[in-house]
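Each remark here refers to the structure printed beneath this line.
Protein chains: 2
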Amino acid sequence: MQRIQISNATPAPLLITGSIAYDDIITPRGNGEKLIGGSASYASLAASYFTDVRLVGVVGNDFLNKDRERFRIHEIDTKGLHTDESGPTLFWKGKYHENYNRRDTMTIELGVFANFRPELPAGYEQTPFVLLANIAPGLHLHVLGQMQSPRFVVADSMDLWIEIARPELEQVIKRVNLFVVNDSEAEHLTGESNVIVAGQKLREIGAKIVLIKKGEHGALLFHEDGLFALPAYPVTQLHDPTGAGDSFAGALIGTLAALQRTDFEAIKLGMLYATAAASLTVEAFSCDRLESAGITEIEARVKTLRTITALPQLD
Amino acid sequence: MQRIQISNATPAPLLITGSIAYDDIITPRGNGEKLIGGSASYASLAASYFTDVRLVGVVGNDFLNKDRERFRIHEIDTKGLHTDESGPTLFWKGKYHENYNRRDTMTIELGVFANFRPELPAGYEQTPFVLLANIAPGLHLHVLGQMQSPRFVVADSMDLWIEIARPELEQVIKRVNLFVVNDSEAEHLTGESNVIVAGQKLREIGAKIVLIKKGEHGALLFHEDGLFALPAYPVTQLHDPTGAGDSFAGALIGTLAALQRTDFEAIKLGMLYATAAASLTVEAFSCDRLESAGITEIEARVKTLRTITALPQLD
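Chains as they are written, first to last, in our numbering: chain Y, 600 to 914; chain V, 600 to 914.
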C-alpha cells in the first residue's frame, strides 16, 4: 500500500468509526447488488492513502472474505471491526433518479448494526486524529467518551439525525473540531437557505470549523481565519454518487493526519485531496474506483484541481 | 465617472446592445415598481466602470429623465439609444418565489421593443469590443451584420430563444468569440445535465469559448487553453437577482476592453470582475447597488474573491 507523500512529517494514526454496509443500488446507468458500502468503508479506504487507519465498526455473519480483503490490501487496522455472528450486516437499498438529483431509500435493514455500541480496542483511545463518519450522533458521543484528548476530531452528519436525534447532534457539533455537512443538511439544521449564512450560523451554534459540501458545486470552509471556496473536480462520468461525501471526509482528515497539521492552510489542502477522492468514488459503484485509483490518479486530480482553479496571472 | 485601472492599456470602446425595460418585481423581501431594467441597462452600467460604452437600444415615450440620467452619470454614450415616441418602453413583471429558486414572468408588454431593429450610429460599426446582451438572436445577427470585423464579440442568451429561435441562436453561437449561458440553459441547449459535458458540447456545436454561469455556485470557462472554475462571491444579502447575469456579462467584456486583451488569463480576470459586479446587483432592486458601489467596492470584492479562492500555501 503506497501512501501519498505530502510533507516530511510522519503520518499520525487516524481512528474512523461509522457504518459498514451492503448496498443495493439502482442508478440511471445500471444497478449493483451487495456492494460494500457504509460511511466507514468509504472513509477508511480514502484515508488509507494518507495514513494508518484504525477502523471501528460492526459487520454481520454474511460479511464476505473478499470484502475483508479490501481493508487488508489497504492496510487498514481492523482490530476494532467487530463481527457479530447473530445476524446480517447493515443493508441499504437506494435508487437514484434521472440526472441523479434525487435519491430514495427503498429498504433499510439494520441487522447487527441495531445493537452496535462501538468499543475501542486497547490503545485506540489515544489515537490523535478521529473521524466520526456518518452514523447516529449518540454513537459518535459514545466513541468521543472513550477518547483521551484527541488532537483533532471531524464529524460528518446526515439529514436523518437532524430529525430524530437533534440534541445529540448538537452536542457532537459543539464537541468536535470540524463539522462536515452538505448544503441541504446545513439548510435543514439552521433554517437558512443561503449557504454562506448557514455556515456562519453553524459556527454560532458552536461548531468551531464548518465545512459545507455542495456536491458538483464544490465545498465551502468556514474558519476563524477566513472563508475558502473550492469548486468540484470536473467529473464527466457520474455513475454512482454513494459514498462521495464519506470519501471526502476520509481523505480530508487523512491529509491532516499525514501532515500532522490542523491549521487553515492544512484543511484547505485536505479539501483538494478530499475533492479528488470523492470524484473517483462517483465514477463507479461502491469503492471500486477509489480502491483501484492509487496515489498517482489522486495526485493527478489534485494537480488538475489546482490548474483549473488557479487565479489569473497577467503579465 | 472613475474607471477601474487594471493595466496601463488605454481602454477600447465597447458596443452593447440589448433591452432597456421597466420592471415590476415581486420578491420575498419586498416589491419594486417601474424599476429600470433590461439586459443592456445592467450590462452598460457594469461595463461603464471599465471603458467607454456605446449603448444601442430603444426606449418609449414613458422613459424618464431620471433614468436617462443614470446613463449620463456613468458616461455611457447614448447616441444609439433610440427614443420611439409611438409607445411605451418594454415592460416586464416578474415574481421570485421563496428562496429565490424559481421566478415566473407575470406580464410582458413589448411596447416599442416590438419594432426594434438596432441601427448603429455612424462610426459605431468599427467598435472593437461588442456585447450582444440578451435579446432575440435575430437582433444579435442584425447588429453583427453591421459590424466591421470586431475584435471580440460576446453573446449572452436566455432560455426563451432556445425554444422559439434556435436556428438564429445557433448562428449567433458560431459567429461570436465567447458565448455566455447559464447552467439550465446549457442543459436545455445540449440535452446534457452534466454541466462539464454541456460546456464541451457547446464548443462542439461551434462556440469558440463558452462560459457557463451557475449563479450562487459560480461560473465555468471552457477555453482551448483549459477549464477555469470560479466560485461565486459569498453574498449574504440576496435581495433581487434580476440583472445579475447581465451585469456579469457587462463587467466581463468591460475588463477585456480595458485590458485590450482577449486571451485565457484576461477572460479569467474578467470573470473575477464579473462576479463582483453581479454580487452587487443582487443586493438591491434594479441597478441601484451596482451604480452606487463605485470602483472601490468592486475592487474590494475582487480582492475578497482572490482571498477566498486562493489555493493552500503550506510552509
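Yeah, the Cβ is synthetic: ideal placement off N, Cα and C, and Gly gets one too. From a predicted model like this one, the values you see are computed outputs, not experimental measurements.
C-beta neighbour in chain V for Y:Gln-912, strict 8 Å: yes
Extent of the continuous beta strand (DSSP E) to which V:Gly-629 belongs: 629-636
Residues, ordered as in the chain, of the segment 864-898 of chain Y that lie near chain V by beta-carbon distance below 9 Å: Glu-864, Ala-865, Ile-866, Lys-867, Leu-868, Gly-869, Met-870 and Leu-871
Run of the beta strand (DSSP E) containing Y:Glu-815, from where it starts to where it stops: It is not in any beta strand (DSSP E) - Y:Glu-815 carries neither H nor E in the DSSP assignment.
Beta-bridge partners of V:Asp-703, as assigned by DSSP: V:Lys-694
Residues from the segment 727-757 of chain Y in contact with chain V, defined by Cβ distance under 9 Å: The residues in question: there are none.
C-beta neighbour in chain Y for V:Leu-837, strict 8 Å: yes
Partners in chain Y for V:Phe-827, counting only beta-carbon separations shorter than 7 Å: Ile-907
Assigned exposure category for Y:Ala-721 - 16 Cβ within 10 Å defines buried: exposed
Cutoff 8 Å: V:Pro-830 Cβ touching any chain Y Cβ: yes
Distance, Y:Arg-653 Cα to Y:Leu-613 Cα: 6 Å
Start-to-end residues for the alpha helix (DSSP H) that takes in Y:Asp-782: 782-789
Y:Tyr-621 in three-state terms, based on DSSP: strand
Pairwise C-alpha distance: V:Ile-772 and Y:Ala-883: 35 Å
Simplified DSSP assignment, three categories, for Y:Phe-863: helix
Close Cβ partners of V:Gly-825 (< 8 Å) along its chain, the five nearest in sequence each way excluded: Answer for V:Gly-825: Phe-863, listed in chain order.
V:Gln-725 vs V:Gln-747 beta-carbon contact at 8 Å: With respect to the 8 Å criterion, V:Gln-725 and V:Gln-747 are classified as neighbours on the basis of their beta carbons.
Chain V residues whose Cβ lies nearer than 7 Å to that of Y:Val-930: Any answer about residue 930 of chain Y is impossible in this case: the structure gives chain Y only from 600 up to 914.
Contact residues within the segment 627-640 of chain V, judged by C-beta distance below 9 Å to chain Y: none
Rounded separation between Y:Val-729 and Y:Ala-639 - CA only: 12 Å
Inter-stretch contact (C-beta, 8 Å, three-pair minimum) for the segment 667-680 of chain Y and the segment 729-742 of chain Y: Contact between the segment 667-680 of chain Y and the segment 729-742 of chain Y is absent: fewer than 3 CB-CB pairs across the two stretches fall below 8 Å.
Neighbour flag for V:Asn-714 against chain Y, beta carbons, 8 Å: no
Start-end ranges of the alpha helix (DSSP H) lying completely within the segment 863-887 of chain Y, minimum 4 residues: 863-880
Coil, strand or helix - V:Ile-615 by DSSP: strand
Own chain residues within Cβ distance below 7 Å of V:Gly-637, not counting five before or after: Gly-617, Ser-618, Ile-619, Ala-620 and Leu-689
Residues that Y:Ile-817 contacts on chain V, provided the C-beta gap is smaller than 7 Å: Residue 817 of chain Y is actually Gly in this sequence, not Ile. Those are Pro-830, listed as they occur along chain V.
Simplified DSSP assignment, three categories, for V:Asp-683: coil
V:Ala-793 at chain Y interface by Cβ criterion, 8 Å: Before going further, note that residue 793 of chain V is Asn rather than Ala in the sequence given. It does; some Cβ of chain Y falls within 8 Å.
Cβ pair count under 8 Å reaching 3, the segment 775-787 of chain Y against the segment 806-823 of chain Y: yes
Bounding residues of the beta strand (DSSP E) (the contiguous stretch that carries V:Arg-765): First-last for V:Arg-765: 765-774, but that is the alpha helix (DSSP H), not the beta strand (DSSP E).
Cβ distance (whole Å) where Y:Ile-910 is taken to contact V:Thr-854 below 8 Å: Reading off the sequence shown, one finds Leu at residue 910 of chain Y, where the question assumed Ile. Wrong, their Cβ atoms sit about 14 Å apart, outside the cutoff.
Contact check, V:Ser-878 vs V:Tyr-832, beta carbons under 8 Å: yes
Coarse secondary structure for Y:Thr-835, derived from DSSP in three states: coil
Range of the contiguous alpha helix (DSSP H) that encloses Y:Val-794: 794-803
Span separating the alpha-carbon of V:Lys-812 from that of Y:Thr-861: 34 Å
Where Y:Ile-675 sits in the DSSP three-state scheme: In this structure, Y:Ile-675 counts as coil in the three-state DSSP scheme.
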